[in-house]
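Asker: Handing you a structure now.
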Amino acid sequence: MATGSSPRWVYDRDDHGKRIHVPNPATMNSVRAMFELYLKPGQSIESVAAKMREIGLTTRNGRPIPESHVHKILLNPFYIGINRFNGQEYPGAQTPIVRREVWEAVQDKLHGKRPKKQVRHNVSLKGVVTCATCGSQVSWQLQKGRYYGACQRRDERCKNRKYKYIREDVVQEAVKQELERLLCPSQSILEWVVESMQSDVEKAADNRAEVEQNTKARIERIKSMDEALYDDKLAGVITQERYETKHESFMGEIKTLELAMASFDSTVTERKRRGIYMLELSQRAAKYYDEKDDDEKRQILIELFENIMFKNDAVSV
Ligand SMILES: [Zn+2]
0 MATGSSPRWV
10 YDRDDHGKRI
20 HVPNPATMNS
30 VRAMFELYLK
40 PGQSIESVAA
50 KMREIGLTTR
60 NGRPIPESHV
70 HKILLNPFYI
80 GINRFNGQEY
90 PGAQTPIVRR
100 EVWEAVQDKL
110 HGKRPKKQVR
120 HNVSLKGVVT
130 CATCGSQVSW
140 QLQKGRYYGA
150 CQRRDERCKN
160 RKYKYIREDV
170 VQEAVKQELE
180 RLLCPSQSIL
190 EWVVESMQSD
200 VEKAADNRAE
210 VEQNTKARIE
220 RIKSMDEALY
230 DDKLAGVITQ
240 ERYETKHESF
250 MGEIKTLELA
260 MASFDSTVTE
270 RKRRGIYMLE
280 LSQRAAKYYD
290 EKDDDEKRQI
300 LIELFENIMF
310 KNDAVSV
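Next up, the structure:
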């Protein structure tokens, strides 16, 4: 695989010979890999270049790719769709092949900035616990390896509360106990409930399909009546005034029928479907909560617990 530090080896001219760059699949992946790899802890320009030589990446002259090439590539905003020329930046026509967040994180690392606070590592309780005193969200801070939640509101009542902080594991314990309560003791009862809810949904859906079809047919009939009316007007069979009155009333009927069709979607069926989903989610969550990662836990908390309250030194779920 031949390469240089110039973007030209990553992009080919497009099929029509236009002066526009389209990514070359062979080299594009190597460039992406350089950016991703460089961000990993312990990686440097040297180690990335070594890795690239190991996988056989060469310059256009067939020499093993030097560190200086890797460095230039990592610095170039060309890969996020920006052309730099005489110190100015211009939007380019090329397809970006590196995500902007990735490119920016690489620039930070190249310039010796400390990595931004990991957005990925979300405390699972973020945004799901409410201060019982003022109703605002409890925010979480890492201290000595543990997350502590507190209400940041400058409200006197919140500032002066006896228990300012709540530990994450206290909340998690309360959540787990609640999940255990949700766990249905009998698998067969659970299956029966889900099945009967499911069949209700299906019946409702069948019924809905029929009503929907009838409604559509009516709309079509009105439309063809409206067309005939228009022909009559053109042929001078009816007056303009008569046409307008009749046409308006047809349009009104269609509007009403269309509104009715839209409302079919969002009624009982959706609520039942949601019910089944919640039931199944609660069962899975109760069994496997501990094995979930922070993001998944947070999703479960948002879906299943409407209100986790931080009150005194405890939480209510
Ligand atoms: Zn508060």
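Heads up, the sequence shown stops at 316 in numbering that gives the first Met the number 0, and the numbers go up one at a time, no gaps.
Glycine is no exception: its CB is placed at the ideal position from the N, C-alpha and C atoms.
1) Does DSSP put Ile-81 in a helix, in a strand, or in coil?
2) Helix, strand or coil for Arg-145 per DSSP?
3) Taking just the CA atoms, how far does Asn-75 sit from Gln-87?
4) By alpha-carbon positions, which one of Val-97, Arg-98, Ile-79 and Asp-199 ends up nearest to Tyr-89?
5) Would you decide whether Lys-215 is buried or exposed? Buried here means 16 or more other CB atoms lie within 10 Å of its CB.
6) Taking DSSP's pairing of strands, which residues face Phe-309 in a bridge?
7) Could you tell me the alpha carbon to alpha carbon distance between Ala-104 and Leu-38, rounded to whole angstroms?
8) Can you give me the start and stop residues for the alpha helix (DSSP H) that Ile-72 sits inside?
9) With 16 as the cutoff for other CB atoms within 10 Å, does Met-250 come out buried or exposed?
10) Check each residue's C-beta against every heavy atom of ligand 1 and list, in chain order, those closer than 5 Å.
11) Quick one: using the 10 Å Cβ neighbour count with 16 as the cut-off for buried, is Ile-307 buried or exposed?
12) Near Gly-126, what residues of its chain come up, given a Cβ to Cβ distance below 7 Å and the 5 sequence neighbours on each side ignored?
13) Quick one: grab the DSSP three-state call for Ser-138.
14) Can you list, in chain order, the residues of its chain whose CB lies under 8 Å from that of Glu-302, leaving out five sequence neighbours each side?
15) Tell me whether Thr-57, by its Cβ, gets closer than 6 Å to a heavy atom of ligand 3.
16) Give the DSSP-derived three-state secondary structure of Pro-22 in the structure shown.
17) Would Arg-52 pass as a contact of Ile-64 if the rule is Cβ separation under 7 Å?
18) Comparing C-alpha positions only, which one of Glu-209, Ile-253 and Ser-29 sits nearest to Ser-223?
19) Going straight from the alpha carbon of Lys-71 to that of Ala-48, what length do you get?
20) Is there contact here, the region 143-151 with the region 128-135, by at least three beta-carbon pairs under 8 Å?
21) What's the gap between the Cα of Glu-358 and the Cα of Gly-235?
22) Based on Cα-Cα distance, which residue from Arg-83, Ile-96, Ala-92 and Gly-61 lies nearest to Ser-29?
23) Give me, in chain order, the residues of the same chain whose beta-carbon lies closer than 6 Å to that of Lys-245; leave out the 5 immediate sequence neighbours on both sides.
24) Are the CB atoms of Asp-230 and Ile-237 nearer to each other than 7 Å?
25) Can the beta-carbon of Asn-85 be found less than 7 Å from the beta-carbon of Gly-91?
26) Would you mind working out which of Lys-286, Pro-22, Arg-62 and Glu-35 sits nearest Glu-396, comparing C-alpha positions?
27) Would you call Ala-284 buried or exposed, if buried means 16 or more other Cβ atoms sit within 10 Å of its Cβ?
Answerer: By the coordinates alone:
1) strand
2) strand
3) 13 Å
4) Ile-79
5) exposed
6) Cys-130 and Val-314
7) 7 Å
8) 66-74
9) exposed
10) Cys-130, Thr-132, Cys-133, Cys-150, Arg-152 and Cys-157
11) buried
12) Gln-136
13) strand
14) Met-277 and Leu-280
15) The model on display carries ligand 1 but not ligand 3.
16) strand
17) yes
18) Ile-253
19) 11 Å
20) yes
21) Look at the range of the chain in this structure, 0 to 316, and you will see that residue 358 is not part of it.
22) Ile-96
23) Leu-228
24) no
25) no
26) Because the chain is modelled from 0 through 316, residue 396 falls outside the range shown and cannot be assessed.
27) buried
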